[in-house]
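Asker:
There are 2 protein chains.
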Amino acid sequence: MGAGNGPEAHNPIFQDPGEEKPGWNHWLLIAAAVVGDVPVGRTANDQPSAALVIDGKLIADEIRFRIAEQIRRMKDSVGKVPGLAVILVGDRRDSLTYVRNKVIACEDAGIKSLVTQFPQNCKQDDVIRALSTFNEDPSIHGILVQLPLPQHLNEEKILNALKLEKDVDGFHPLNMGNLAMRGREPLFIPCTPKGCIELLIRSSVEIMGKNAVVIGRSNIVGLPTSLLLQRHHATVTILHALTKNPEQITREADIVVTASGVPNLVRGNWLKPGAVVIDVGTFPVEDPSCENGYRLIGDVCYEEASKVASAITPVPGGVGPMTIAMLLSNTLDSAKRAYDFT
Amino acid sequence: MGAGNGPEAHNPIFQDPGEEKPGWNHWLLIAAAVVGDVPVGRTANDQPSAALVIDGKLIADEIRFRIAEQIRRMKDSVGKVPGLAVILVGDRRDSLTYVRNKVIACEDAGIKSLVTQFPQNCKQDDVIRALSTFNEDPSIHGILVQLPLPQHLNEEKILNALKLEKDVDGFHPLNMGNLAMRGREPLFIPCTPKGCIELLIRSSVEIMGKNAVVIGRSNIVGLPTSLLLQRHHATVTILHALTKNPEQITREADIVVTASGVPNLVRGNWLKPGAVVIDVGTFPVEDPSCENGYRLIGDVCYEEASKVASAITPVPGGVGPMTIAMLLSNTLDSAKRAYDFT
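Top to bottom, those sequences are chains A and B.
Position one of the first sequence corresponds to residue 11 (my numbering), numbered consecutively onward.
Position one of the second sequence corresponds to residue 11 (my numbering), numbered consecutively onward.
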């Protein structure tokens, strides 16, 4: 999936496509039952919080600043800049927004970006042909296909056509295998999981030897996050819709990363006092008091959790900005490899 | 690693090469401290047991019988049999034993087997050349390189030269990635993990929704077993040498699969009453009363565990025989694909 900031990383529809409905429904029912008494969508500034608020926007800005610096140095030194190609099919409003955000972030960092847009009813061969052109273009170091694709296109086949060395989303199974296996190194680490770990590291949260719970097992977030936490020597448990006692297991965790696709799933009483909470969820909920008519909430009931956790990411302004920063970082890394630039 | 039955699958030296020594030492110290009061090496027949003894030998024999049946049918139908090639470097006694066992098992099942043996000081190019010959040989459907290789050979490079379609050990990162990712299918599932799951399924142990603990995170056993349990919808926790409270976490598990490389690590009080225990460990300990002068023990203190568990695999006679049955099964599957035979 094309990495982005915002709801795209956590929409249950494409985050966990193979998930059994009864299971998710069970969780959704829990969430629905509590929504009445949960103050949804509060952000860090709304109320006093016992927890350290992990400011993803600030951390992402720092990372993007350093990336821009390195790209200037690359330009001065080898006369080249990284290039990112985005393939967009159709005109879904959310996809257009994500792609626009990526293009703007690329421009800010000094990365050349190209967007190829196809109509909703385009042919698979046309998409693959465009991919192949980008595969061969030496000025392009990262390619991403903005998901979801229309039903008539074979997502797996299209993604498999992407050159491994340019798979900046890191979703290729070979990349995933190398992420999972000890002693192997993936070419790219998927953007959202990489962003979650960066938030922990830059907030001085020790991972080694800690009990970590990952809620949700999507290929895009849950799975790679669990593998990455294991690489950092956490003891990891992966919860999913068929887990029978998620709150009890979560209460044992020092670190909780949640990408369940269920808003407000994680209540305060799911957490061990002092736990660190990374919330990947993002769901728009109507709110006439907001400028756009809606506000974003996460997987975690922030108001409750922030009183129990020692550190927590807000929604928005937590993981979201990191995803796009990691996309820029992966694209820069790819260009560095291509130009043998350190 | 070449799949086998016996200690090869669990020797900590090559099972978890990247593991931090202090961690393992910590566990080894625990094991050493308790060894005095632990009745090591008892098998299922030595004493009354509360638990169902999962008879791996019997189950493996049934599987091997069915495999032989299918191979006869294949021979009658397409005039071909599966072929397995083994590459053996040096003359390690244990490796020779494993290879001999594999060859005998192949013969019993009707699989053609070829062994190419190189001297200890052989050149890497010679090994890779032999591999390439087997890669191109249409009568060979599975290739395995018996590990460990001598130090001067690059294991990763040699294993990477193996054609994916013939990687019956299933250790290639692409296979591992496809095992990890939902909606993807690996060509082969590594033999020991596949054997563990088969033991559970054939003993009517429900996996879906159960809490499972995997002790050990080797690429060969722990990692693929955890991925496979997740595919079967267990809630999985992976413990390793840096886990701080392994006994406490294990006590929450309905299913425990242990491949820690530490004999007698798992005591009775590590287990929840009624847990199902699959013991991948195999360690020879001196015992003059045995014919060979030694007997085998596992990761689990069998005498204690069998009083707490509802079902348990003995050592020997549990997982070991399944590993080799799964190697035959993978080789047959590969031949079926090659001949489009169902």
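Every residue, glycine too, gets a C-beta built ideally from N, C-alpha and C.
This structure is a prediction, so every number in the text was calculated from the model and none was measured.
CB A315(B) to CB V267(B), shorter than 8 Å?
Answerer: Taking 8 Å as the Cβ cut-off, A315(B) and V267(B) do not qualify as a contacting pair.
Asker: Going by beta carbon distance, what residues of the same chain come within less than 6 Å of Q130(B), once the five residues before and after it are set aside?
Answerer: For Q130(B), where only same-chain residues beyond five positions count, the Cβ hits under 6 Å are G100 and P160.
Asker: What number of angstroms, rounded off, separates the C-alpha of S320(B) from the C-alpha of E216(B)?
Answerer: C-alpha separation (whole angstroms): 13 Å.
Asker: At least one CB of chain A closer than 8 Å to the CB of D271(B): is that the case?
Answerer: The displayed chain sequence assigns Gly, not Asp, to residue 271(B). False, the Cβ-Cβ gap to chain A never drops below 8 Å.
Asker: Could you confirm whether any beta carbon from chain A is found closer than 8 Å to the beta carbon of R347(B)?
Answerer: No - not a single Cβ of chain A is within 8 Å of the one on R347(B).
Asker: Out of Q156(A), V290(A) and N188(A), point me to the one whose CA is closest to T107(A)'s CA.
Answerer: Among Q156(A), V290(A) and N188(A), the Cα nearest to that of T107(A) is on Q156(A).
Asker: Whose CA, out of A95(A), G66(A), R241(A) and L62(A), lies closest to the CA of T333(A)?
Answerer: Nearest C-alpha to T333(A): G66(A).
Asker: Name the chain A residues that come within less than 7 Å of L184(B), Cβ to Cβ?
Answerer: Simply P183, L184 and G187.
Asker: CA-CA distance, R261(B) and V318(B)?
Answerer: Their Cα atoms are separated by approximately 11 Å.
Asker: Given this structure, state the Cα-to-Cα distance separating R103(B) from I153(B), to the nearest angstrom.
Answerer: Their Cα atoms are separated by approximately 21 Å.
Asker: Answer with buried or exposed for H250(B), where buried requires no fewer than 16 other C-beta atoms within 10 angstroms of its C-beta.
Answerer: Buried, since its Cβ has 16 or more Cβ neighbours within 10 Å.
Asker: Return the chain-ordered ranges of every beta strand (DSSP E) run that is complete within the region 138-162 of chain B and spans a minimum of 3 residues.
Answerer: If we require 3 residues or more, the beta strand (DSSP E) runs fully inside the region 138-162 of chain B come out as 152-155.
Asker: In whole angstroms, what is the alpha-carbon distance linking G308(A) and P273(A)?
Answerer: Approximately 6 Å, taken between the alpha carbons.
Asker: Could you name the residues of the same chain whose beta carbon sits closer than 7 Å to that of V137(A), not counting the 5 residues immediately before and after it, in chain order?
Answerer: Excluding positions up to five away in sequence, the list reads I97, V99, F128, L163 and I168.
Asker: What residues from the region 60-90 of chain A come within 9 Å of chain B, judged by C-beta to C-beta, listed N to C?
Answerer: Result list empty, no residue passes.
Asker: Per DSSP, E72(B) forms a beta bridge with which residues?
Answerer: None, per the DSSP bridge assignment.
Asker: Of the choices A78(A), V329(A), N302(A) and M84(A), whose alpha-carbon is the least far from that of V231(A)?
Answerer: Checked all of A78(A), V329(A), N302(A) and M84(A); the closest Cα to V231(A) is V329(A).
Asker: Measuring only between beta-carbons, confirm whether G205(A) sits less than 8 Å from chain B.
Answerer: No - not a single Cβ of chain B is within 8 Å of the one on G205(A).
Asker: For the region 232-246 of chain B against the region 195-208 of chain B, are there 3 or more C-beta pairs whose distance is under 8 Å?
Answerer: Result yes; three or more Cβ-Cβ pairs closer than 8 Å.
Asker: Report yes if the C-beta distance between N185(A) and D177(A) is below 8 Å; otherwise report no.
Answerer: A contact, by the Cβ cut-off of 8 Å.
Asker: Please list the partners that G219(A) has in chain B, where partner means a Cβ-to-Cβ separation under 8 Å.
Answerer: What G219(A) touches in chain B: L252, T253 and K254.
Asker: Quick one: using the 10 Å Cβ neighbour count with 16 as the cut-off for buried, is C311(B) buried or exposed?
Answerer: By the 10 Å Cβ count, C311(B) comes out buried.
Asker: To the nearest angstrom, report how far apart I73(A) and F293(A) are at their CA atoms.
Answerer: In a straight line, the C-alpha of I73(A) is about 25 Å away from that of F293(A).
Asker: Classify A60(B): buried if its beta carbon has 16 or more other beta carbons within 10 angstroms, exposed otherwise.
Answerer: That one is exposed.
Asker: Which chain B residues are close to H243(A), counting only those with a beta carbon under 7 Å from its beta carbon?
Answerer: In chain order: L252.
Asker: Taking 8 Å as the threshold (beta carbon to beta carbon), is T268(A) in contact with chain B?
Answerer: It does not; no Cβ of chain B falls within 8 Å.
Asker: Considering only C-alpha positions, which residue in the set A70(A), S142(A) and I64(A) is nearest to L337(A)?
Answerer: For the residues A70(A), S142(A) and I64(A), the minimum Cα distance to L337(A) belongs to A70(A).
Asker: Taking N145(B) as the query, report the chain A residues whose CB atoms sit under 8 Å from its CB, ordered along the chain.
Answerer: Under the 8 Å cutoff, chain A gives no residues; its nearest Cβ is about 18 Å from N145(B).
Asker: Find out if the Cβ-Cβ distance for the pair T352(A), P92(A) is shorter than 8 Å.
Answerer: Contact: no.
Asker: E117(B) to R82(B), Cα distance in whole Å?
Answerer: So the two alpha carbons sit approximately 12 Å from each other.
Asker: Evaluate M218(B) with the Cβ neighbour count: other Cβ atoms within 10 Å of its Cβ, from every protein chain shown; 16 or more gives buried, anything less gives exposed.
Answerer: Exposed, by the Cβ-count rule.
Asker: To which residues of the same chain is A285(A) closer than 8 Å at the C-beta, ignoring the five residues directly before and after it?
Answerer: A263, D264, I265, V266, V318, A319 and S320, listed in sequence order.
Asker: Considering only the alpha carbon of each residue, which of S228(B), L94(B) and S339(B) lies closest to R76(B)?
Answerer: When each option's Cα is compared against that of R76(B), the closest is S339(B).
Asker: Less than 8 Å between CB atoms is the rule here; does I259(A) satisfy it with respect to chain B?
Answerer: Closer than 8 Å: yes.
Asker: Per the DSSP calculation, V287(A) is bridged to which residue(s)?
Answerer: Note: V287(A) sits in a beta bridge opposite V266(A) and I322(A).
Asker: Of all the CB atoms in chain B, is at least one closer than 8 Å to the CB of D343(A)?
Answerer: Not one chain B Cβ lies under 8 Å of D343(A).
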